[in-house]
Structure formats: C-alpha cells, structure tokens
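K.L.:
Residue numbers (this note's numbering), protein chains in the order written: chain A, 17 to 297; chain B, 298 to 677.
Every residue gets a Cβ at the ideal spot worked out from N, C-alpha and C, and that includes glycine.
Quick caveat, the model's predicted, so the values are computed rather than measured.
Can you read through this structure? Questions will come right after.
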Amino acid sequence: MSNTPEPSNLPTSTSGPSEHDGSGEGSASVLLSLRGISKNFGAVQAIQNVNLDVVDGQVTALIGDNGAGKSVLIKTISGIWAPSSGHIYWKGEEIHVHTPRNATDLGIATVYQDLALCDNLDIVQNMYLGREETKFSMLDEIKMELATNQLLKDLSVSTVKSVRQLVASLSGGQRQAIAVARAVMRDSQLVILDEPTAALGVSQTAQVLQLIRTLSSRGITVLVISHNLNDVFTVADRIAVMHLGTLCSSGPASNYDTASAVELITTGHSSRVPPSLLTSS
Amino acid sequence: MVPVVVGLILLVVYFQIRNSVFLTSGNLVNLFVQATIFILLGMAEIWVLLLGEIDLSIGITSVLGGAIAVILVDAQIHLSWFLALPFSVLVVTAIGALYGIIVVRLRVPSFIVTLAGFLAFQGVLIYLVDDQGTGGTITVHEKVLYDLVYGDLTPMWTWLFVIACVAFMSYRMIKTDVSRRSSGLFTDPLALVISKVVMLVVAGLVLGIIFDANRGSFTALRGMPFAIPIDLAVLAFGTFILTKTKAGRYIYAIGGNKEAARRAGVRVERYRLLAFCLTGLMGGVGGLLYVSNLNGVNDGPSSTLTLYAIAAAVIGGTSLFGGRGKMMNAVVGGLIIGTIYNGMALLSMSASTQYIVTGIVLLAAVTIDSLARRNSSAVS
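Below, the structure is given as structure tokens:
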C-alpha cells in the first residue's frame with residue numbers, strides 16, 4: 017500500500033464506509049471508519065491492518081493488553097502521526113490528519129492521560145486556552161466564566177467549588193472532568209479518552225463514568241481506552257479488542273462478557289462471542 | 298504577597314526607629330527613585346521568569362542601553378533625545394530578541410545564552426565608555442535624560458497625576474465588581490471592595506503629600522520625579538499585557554505547561570520570543586533611569602544589578618520555575634531592596650553589611666513564601 021492513499025483509491029473490500037456497519041447495527045451511522053490502518057516504526061510493526069467503525073453517538077471502548085497498540089491507534093486518529101498505510105474516513109469522507117490541529121478542527125478531540133492542563137491556571141483559563149473569547153481584543157473573562165459555569169452544569173460536573181480555582185488544587189477526577197469538558201466545549205463530535213479512570217479512586221471513577229454517559233446522551237461519540245473491564249462494561253455501547261497490534265474483535269457490548277473479553281485480550285480469540293464479531297487476522 | 302508586604306513594613310519601622318530621617322519626604326522620594334530601577338529591572342526579569350527562563354544579563358544590557366543614550370545625546374553626536382532614547386531602548390529590546398531567537402530556535406538554555414551575553418555585553422559596554430576618551434566615565438549633559446530622575450512634575454501636576462491614578466484604579470475595581478455582580482458571578486463582599494478603594498485613596502493622599510512636601514534644603518524642591526510616572530506607566534503596560542491579553546495568558550500557560558499550551562494551539566515559540574523582547578524593552582527603560590540617576594555611566598559596571606533585578610522579582614513572589622508571578626511582585630520586591638539600600642546608607646552601614654542583609658532578606662522572603670504556599674495548598 018502507498019503511504020499517501022489517493023482519495024479516489026477507495027478500498028475494494030466490502031467494509032468501506034457505509035451507513036451500516038458490518039456487524040448488523042441497524043440504522044446507526046458510522047462517524048469514524050478505519051480501513052486497513054497499519055503503523056510501523058522502522059522495522060517494528062505497531063499496528064497492522066486495523067478496521068474499525070466508531071458508531072455515531074455511542075460509547076466505544078477500546079480494550080487490550082499493554083502493547084496491544086491501543087495508544088498507537090488513537091494517536092494515528094488524533095494526528096500525532098500519519099498511518100503507514102490505510103484509510104481514515106470521517107462521516108464517509110476520506111480524511112488525512114497530519115497534525116493534532118487537523119484532528120481538532122474536524123471535531124476529533126483527544127484527552128490524553130496527562131490531560132494537558134496548566135496547573136498554574138484556573139479552570140476557566142484552561143478551558144479556553146488557545147481560543148480565548150475577547151472583547152476589543154481584551155480577554156472577556158466574564159463571558160468565558162459564564163460559559164464555563166454553564167458547560168460544567170450541563171455536564172453535571174458539580175463537585176467543583178469555583179471555576180476560578182487553580183487546576184492544581186483539583187482532584188484527579190475533577191481534572192479529568194475539566195479536560196473532557198474542554199474537549200466538549202470545542203464542538204467536538206468525537207471525544208477520545210485515553211485511560212480516563214486510571215489512577216482514580218472509586219468515587220472519582222464513578223464521576224468520570226457518569227460524565228462519559230452524559231457526553232453520550234448529548235450525542236457526542238466517545239472512544240475510550242481502558243484497562244478496567246468493570247468500567248468498560250458499565251459505560252460502553254460497543255467494544256473493540258486489540259491483540260498484538262491487530263483488532264481481533266469488535267461489536268455491540270451486549271455480545272461480550274468479562275470472560276470473553278479477557279480471553280480476547282490475552283489470546284486474541286474467543287469461542288464465546290459470535291464468530292461474525294471476530295476479525296480473522 | 299502578604300508576608301512580604303508585612304516584611305516591608307517591619308523594615309520601614311526598624312529604619313524609622315533607628316533614624317528618624319527615614320520617613321521624611323526627602324528621603325522617601327529618594328528611596329522611591331532608587332527603587333524604581335530595581336522595580337523596572339525586576340519587572341523586565343519577570344517576563345522570562347514566567348516562562349521558566351532567566352536573563353542573567355539584564356543589569357548589563359540595560360546599562361549598555363543607557364550608555365548608548367548618553368553617548369548619542371552627547372555633545373559629539375548630539376542626536377535629539379526623542380530619537381536617542383527610543384533607539385537605546387530598541388537596542389536593548391533587540392538584544393532580548395537575539396537571546397530569544399537563540400533560546401527558542403537553537404534551544405540553548407537561557408541561563409547560558411544570557412551568561413554569555415552578560416560577559417560579552419559587559420565588554421561592549423566597557424569598550425563604548427572607554428572609547429569616548431573621557432577617562433572611563435561618561436556623563437549625562439542632556440537635560441531630558443537628566444530630568445528622567447531629577448526633574449519633577451509641578452505640585453499641581455503631581456496631584457492631578459495621583460488623582461487620575463487613584464480614580465482610574467478605583468474605576469477599574471468598581472467596574473469589574475459591578476459587571477461580575479450583574480452577571481451573577483462570584484464577587485468579593487462589597488465591604489472589601491469599598492475598603493480597597495478607601496485604601497487606594499488613602500495611599501494616593503499619602504503619596505501626594507510626600508511628593509508635594511518641600512524637600513529642598515536651599516531652594517524649594519517639590520513634586521513627583523518623572524521616574525515615578527514612567528515606572529507606573531511600565532507597570533500598567535506590563536500588567537495589562539499579562540492580565541488582559543492573550544499574549545499574557547499564553548506566557549503563563551507556557552510557563553505552567555509548555556506541552557499543554559502547544560497542544561492547545563498556542564504558538565509557543567512566538568510567545569517565548571515575545572517575552573524575551575519584553576524583558577529587553579523594560580530593561581531598556583530601566584537603563585535610561587539608571588544612567589539618569591547616576592548622572593552617567595562608568596566603565597566598571599555593577600554586576601550586582603542583574604542579581605538585584607532577579608531578587609526584586611523573587612522577593613515579591615515570582616517563581617523561578619515559571620508560571621507564577623505578576624508585575625506587582627517586582628514593585629514590592631524592588632521597594633524592599635530599595636528600602637534596605639536606602640536605610641542602610643542612612644545608618645552608615647558598610648556595603649558589606651548591606652549585601653549580607655539583602656541576601657538574608659532574599660532567602661527569608663522566598664522561604665516564608667514557600668512555607669506559606671505549602672500551608673495554603675495543604676488546606677485546599
């Protein structure tokens with residue numbers, strides 16, 4: 017395959033971007049569709065021939081063991097690097113994301129584990145960093161503060177005392193919530209969350225999961241990477257499993273249980289899920 | 298900043314008890330003028346400190362700028378002051394820009410770049426001064442340059458200026474409070490806002506009286522030295538950039554988390570470069586006041602000026618690690634250094650004592666600040 021696929025060079029396989037995804041999902045439309053995505057770093061093949069459909073308005077959980085290629089895959093989607101080969105379709109159109117900016121402009125926001133917050137700035141300042149509201153080319157603090165209050169209220173983030181407190185003073189769950197809220201504020205249609213509940217306590221985790229559900233109910237599509245199968249089965253509508261750089265299975269969450277997920281994560285195969293959900297690799 | 302202000306008050310009380318001349322109008326005006334230089338250079342330094350960078354050469358480059366101004370307006374070249382003064386500020390700004398380019402593009406640590414600049418520009422300064430053939434000292438002959446520190450507003454203009462400053466600041470405070478209140482946002486209690494305004498008015502009155510009092514011994518000498526409005530204008534400019542513009546917001550963001558700023562779409566390199574230029578710009582203004590105050594430059598420039606600049610910023614509460622600080626920090630820090638400098642001279646203490654005390658105050662201020670910060674973060 018060439019490194020820069022021509023827009024006209026549509027995949028010949030049956031799994032092109034379509035209104036209906038391969039697993040018989042009814043009327044749900046596909047927001048983001050990956051076809052034959054591979055990424056290698058020199059001789060190391062990090063991910064290989066990944067086909068994945070992210071269904072509009074649903075929560076898709078991307079699970080897999082360490083080194084399975086989850087992070088490489090989301091970094092490919094969010095423009096950290098270009099895929100070595102393969103095609104990415106956004107609402108049916110082929111796209112080429114070369115920089116994180118490309119991705120955010122399309123409406124793909126990624127919240128990495130480090131959250132990329134400035135500890136020395138307050139919540140409002142972080143929320144609007146890089147796209148401040150201005151009036152007469154001066155910062156319009158009141159407008160930004162009101163909008164931040166409203167957004168946090170909409171997302172039911174109620175644990176924050178004041179949006180003028182420094183991010184440094186927030187708990188892990190609150191920080192995650194602020195990072196997610198910032199992604200939402202930028203009119204993102206797809207929010208990618210990288211291990212949002214790692215390193216969080218029980219109640220903090222519950223808050224973040226609640227936030228993910230809220231996003232979904234607002235029509236925002238979520239792709240969440242997680243190690244924690246409890247979390248995955250709590251929030252995910254769909255599940256995609258990666259194993260050794262390939263996507264070994266994907267489909268509605270109801271077709272999986274903890275045992276089959278563990279089996280897929282560790283071996284890349286499971287007899288407990290319908291064969292139609294398995295990708296032969 | 299509260300512990301530092303308390304420290305300043307304690308210093309003032311101490312010096313006043315030891316020598317009752319300390320709180321006289323003549324001495325206070327003198328103190329303010331001495332402090333303006335520390336304040337200006339401290340404000341200059343804050344721009345790079347906010348990024349987590351440092352400028353070790355600001356004391357030398359600013360004096361170099363001042364020396365250029367002195368030479369240009371001198372009898373030989375006789376350039377008009379309104380060309381010479383901006384030009385010298387521009388030179389110092391350009392040096393800042395050069396540092397910025399080397400730090401940002403070539404990724405050389407600012408500590409090294411400005412250390413090299415400190416040595417190299419010291420050489421340039423000595424060369425320039427010696428080259429005038431006036432025995433290693435050049436003297437200010439030009440009236441405007443001389444008047445920057447030694448000229449005064451008339452008493453009437455002094456009062457008008459003080460009233461305008463107090464009115465403007467009160468207006469800003471009240472307006473912010475009113476618009477936050479009407480938007481339903483959290484505000485300080487009304488009593489606090491009112492007491493702040495009252496304090497501002499009292500401070501304005503006290504300053505007006507100090508500057509208005511006759512402090513001359515032979516002829517009457519009244520009014521505010523031009524250095525003070527210059528200092529306040531630079532303070533207002535810096536505070537405006539830092540608190541009201543995107544550039545200021547981005548400088549804080551870069552100092553706090555450069556990678557986060559980059560990912561948020563901030564053009565990190567541009568704003569880092571801008572901060573270095575602003576350091577040069579304010580340093581250039583400081584250099585003009587420096588040569589005006591000393592009435593010239595000699596070829597043995599004080600290498601401690603840079604350290605006083607950094608000390609002023611840090612004593613006032615600016616972090617060396619970036620992301621925390623504001624222009625007012627340099628004002629408080631500069632006033633503390635100016636107070637020590639002035640008070641020790643009044644008590645006829647030796648330069649050695651003065652250095653030791655300034656060192657101890659620097660250490661104490663930063664230690665107290667960091668302890669206070671640790672306690673407050675443990676609470677929240």
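Over what stretch of residues does the beta strand (DSSP E) that includes residue 258 (chain A) continue unbroken?
P.N.:
For the purposes of this step, residue 258 (chain A) is identified with residue 242 of the first sequence, where counting begins at 1. Unbroken beta strand (DSSP E) run through residue 258 (chain A): 254-259.
K.L.:
Just the chain B side, please: which residues come within less than 9 Å of residue 136 (chain A) by C-beta, in chain order?
P.N.:
As a position in the first sequence, residue 136 (chain A) is number 120, starting the count at 1. What residue 136 (chain A) touches in chain B: 549, 550, 552, 553, 554, 616, 619, 620 and 621.
K.L.:
Let's see if you can read the secondary structure: which residues bound the beta strand (DSSP E) around residue 144 (chain A)?
P.N.:
In the first sequence, residue 144 (chain A) corresponds to position 128, counting from 1. Residue 144 (chain A) -> no beta strand (DSSP E), and no H or E assigned at all.
K.L.:
Could you tell me whether any Cβ in chain B is nearer than 7 Å to the Cβ of residue 59 (chain A)?
P.N.:
Indexing the first sequence from 1 puts residue 59 (chain A) at position 43. Answer no: the Cβ-Cβ gap between residue 59 (chain A) and chain B never drops below 7 Å.
K.L.:
Alpha carbon to alpha carbon, how far is residue 38 (chain A) from residue 559 (chain B)?
P.N.:
Within the first sequence, residue 38 (chain A) is the residue found at index 22, counting from 1. Within the second sequence, residue 559 (chain B) is the residue found at index 262, counting from 1. Note that residue 38 (chain A) scores 41 on pLDDT, short of 50, meaning its location in the model is unreliable; the coordinates nonetheless yield the value given after this. In a straight line, the C-alpha of residue 38 (chain A) is about 38 Å away from that of residue 559 (chain B).
K.L.:
Closer than 7 Å by C-beta to residue 293 (chain A): which residues in its own chain qualify, once you throw out the five before and the five after it? Chain order, please.
P.N.:
Counting from 1 along the first sequence, the entry for residue 293 (chain A) is found at position 277. If we look at residue 293 (chain A) and ignore the five residues flanking it on each side, its Cβ neighbours are 39, 265, 266, 267 and 271.
K.L.:
Are the beta-carbon atoms belonging to residue 696 (chain B) and residue 459 (chain B) less than 7 Å from one another?
P.N.:
In this structure chain B extends from 298 to 677, so residue 696 (chain B) is not present and cannot be described.
K.L.:
Inspect the beta-carbon positions of residue 173 (chain A) and residue 195 (chain A) and report whether they are closer than 7 Å.
P.N.:
Working through the first sequence from its first residue, we reach residue 173 (chain A) at position 157. Working through the first sequence from its first residue, we reach residue 195 (chain A) at position 179. No, these two residues do not count as a Cβ contact at 7 Å.
K.L.:
Mind checking residue 280 (chain A): buried by the 16 CB within 10 Å criterion, or exposed?
P.N.:
If you number the first sequence from 1, residue 280 (chain A) lands on position 264. Buried, since its Cβ has 16 or more Cβ neighbours within 10 Å.
K.L.:
What does residue 155 (chain A) touch in chain B if you count any residue whose Cβ is under 9 Å from its own?
P.N.:
Position 139 of the first sequence holds residue 155 (chain A). The answer, in chain order, is 540, 541, 542, 543, 545 and 546.
K.L.:
As a quick exercise: from A:168, A:58 and A:232, pick the residue whose alpha carbon is nearest that of residue 77 (chain A).
P.N.:
The residue labelled residue 77 (chain A) in the question sits at position 61 within the first sequence. Looking at the Cα atoms, A:232 is the closest of the given residues.
K.L.:
Which word fits residue 506 (chain B), buried or exposed, when buried means at least 16 other C-beta atoms lie within 10 angstroms of its C-beta?
P.N.:
To locate residue 506 (chain B), count along the second sequence from 1; it is residue 209. That one is exposed.
K.L.:
With DSSP collapsed to three states, give me the class of residue 17 (chain A).
P.N.:
The residue given as residue 17 (chain A) occupies position 1 in the first sequence. With a pLDDT of 40 at residue 17 (chain A), under the threshold of 50, the modelled position of that residue is not reliable, and no figure is offered here.
K.L.:
Determine the direct distance from the alpha carbon of residue 81 (chain A) to that of residue 603 (chain B), and round the result to whole angstroms.
P.N.:
Here residue 603 (chain B) refers to the residue found at position 306 of the second sequence. Here residue 81 (chain A) refers to the residue found at position 65 of the first sequence. If you take the alpha carbons of residue 603 (chain B) and residue 81 (chain A), they lie about 54 Å apart.
K.L.:
Please check the pair residue 401 (chain B) and residue 589 (chain B), which I expect to be a contact at CB under 8 Å, by giving their CB distance rounded to whole angstroms.
P.N.:
The count along the second sequence starts at 1 and reaches residue 401 (chain B) at position 104. The count along the second sequence starts at 1 and reaches residue 589 (chain B) at position 292. With a Cβ gap of about 33 Å, residue 401 (chain B) and residue 589 (chain B) do not count as contacting.
K.L.:
Give the interface partners of residue 116 (chain A) over in chain B, defined as CB-CB distance under 7 Å, in chain order.
P.N.:
The sequence position of residue 116 (chain A) within the first sequence is 100, counting from 1. In chain order: 560.
K.L.:
In terms of residues, what are the limits of the beta strand (DSSP E) holding residue 248 (chain B)?
P.N.:
A query on residue 248 (chain B) cannot be resolved here, the shown segment of chain B reaching from 298 to 677 and no further.
K.L.:
For residue 103 (chain A), which beta-bridge partners are listed by DSSP?
P.N.:
As a working note, residue 103 (chain A) is residue 87 in the first sequence. In the DSSP output, where bridge partners are listed per residue, residue 103 (chain A) has A:51.
K.L.:
Just list the alpha helix (DSSP H) runs in the segment 57-108 of chain A, keeping only unbroken ones of 4 residues or longer that don't cross its boundaries, in chain order.
P.N.:
Complete alpha helix (DSSP H) runs here, min 4: 86-93.
K.L.:
Can you list the alpha helix (DSSP H) stretches of 4 or more residues lying completely in the segment 139-194 of chain A, in chain order?
P.N.:
Segments of the alpha helix (DSSP H) lying fully in the segment 139-194 of chain A: 139-143 and 157-170.
K.L.:
Would you mind reading off the limits of the alpha helix (DSSP H) that contains residue 381 (chain B)?
P.N.:
For this step, residue 381 (chain B) is matched to residue 84 along the second sequence. Residues 378-402.
K.L.:
Using a 10 Å radius around the Cβ and a threshold of 16 neighbouring Cβ atoms, would you call residue 114 (chain A) buried or exposed?
P.N.:
Within the first sequence, residue 114 (chain A) is the residue found at index 98, counting from 1. Its Cβ having fewer than 16 others within 10 Å, residue 114 (chain A) is exposed.
K.L.:
So which residues of chain B does residue 161 (chain A) contact, with C-beta pairs closer than 7 Å?
P.N.:
Stepping through the first sequence from its first residue, residue 161 (chain A) is reached at position 145. Correct list: 482.
K.L.:
Taking the alpha carbon of residue 606 (chain B) as the point to measure from, which residue in B:468, B:353 and B:441 has its own alpha carbon closest?
P.N.:
In the second sequence, counting from the first residue as 1, residue 606 (chain B) sits at position 309. Residue B:353 is the option with its Cα nearest to residue 606 (chain B).
K.L.:
Give me the DSSP bridge partner(s) of residue 594 (chain B).
P.N.:
Working through the second sequence from its first residue, we reach residue 594 (chain B) at position 297. B:435, per the DSSP bridge assignment.
K.L.:
Quick check: is the beta carbon of residue 557 (chain B) nearer than 7 Å to any beta carbon in chain A?
P.N.:
Position 260 of the second sequence, counted from the start, is the residue given in the question as residue 557 (chain B). Output row for residue 557 (chain B): interface = yes.
K.L.:
Would you say residue 279 (chain A) lies against chain B (beta-carbon separation less than 7 Å)?
P.N.:
Numbered from its first residue, the first sequence carries residue 279 (chain A) at position 263. No, no contact with chain B.
K.L.:
How big is the Cα-Cα spacing for residue 323 (chain B) and residue 380 (chain B)?
P.N.:
Residue mapping note: residue 323 (chain B) aligns to position 26 of the second sequence, counting from 1. Residue mapping note: residue 380 (chain B) aligns to position 83 of the second sequence, counting from 1. Straight-line Cα distance between these residues: approximately 33 Å.
K.L.:
For residue 351 (chain B) versus residue 408 (chain B), is the C-beta distance shorter than 7 Å?
P.N.:
On the second sequence, position 54 is the one that residue 351 (chain B) refers to. On the second sequence, position 111 is the one that residue 408 (chain B) refers to. Yes, Cβ-Cβ distance for residue 351 (chain B) and residue 408 (chain B) is below 7 Å.
K.L.:
Check whether the segment 129-141 of chain A and the segment 519-526 of chain B are in contact - that is, three or more C-beta pairs closer than 8 Å.
P.N.:
Result no; under three Cβ-Cβ pairs closer than 8 Å.
K.L.:
Any C-beta of chain A within less than 7 Å: which residues of the segment 474-499 of chain B qualify?
P.N.:
Listed by position, the residues of the segment 474-499 of chain B near chain A (Cβ gap below 7 Å) are 476, 477, 480, 482 and 483.
K.L.:
Mind reading off the beta-carbon distance from residue 658 (chain B) to residue 637 (chain B)? Whole number of angstroms is fine, and I expect it under 8 Å.
P.N.:
As a working note, residue 658 (chain B) is residue 361 in the second sequence. As a working note, residue 637 (chain B) is residue 340 in the second sequence. Contact holds; Cβ gap of about 6 Å.
K.L.:
Give me the Cα-Cα distance between residue 157 (chain A) and residue 149 (chain A), rounded to the nearest whole angstrom.
P.N.:
Taking the first residue of the first sequence as 1, we reach residue 157 (chain A) at position 141. Taking the first residue of the first sequence as 1, we reach residue 149 (chain A) at position 133. One C-alpha to the other measures close to 8 Å.
K.L.:
Per the DSSP calculation, residue 268 (chain A) is bridged to which residue(s)?
P.N.:
The residue given as residue 268 (chain A) occupies position 252 in the first sequence. A:254, per the DSSP bridge assignment.
K.L.:
If we count the other Cβ atoms within 10 Å of its Cβ and call it buried at 16 or more, is residue 622 (chain B) buried or exposed?
P.N.:
Counted from its first residue, the second sequence places residue 622 (chain B) at position 325. Buried, because 16 or more other Cβ atoms sit within 10 Å of the Cβ of residue 622 (chain B).
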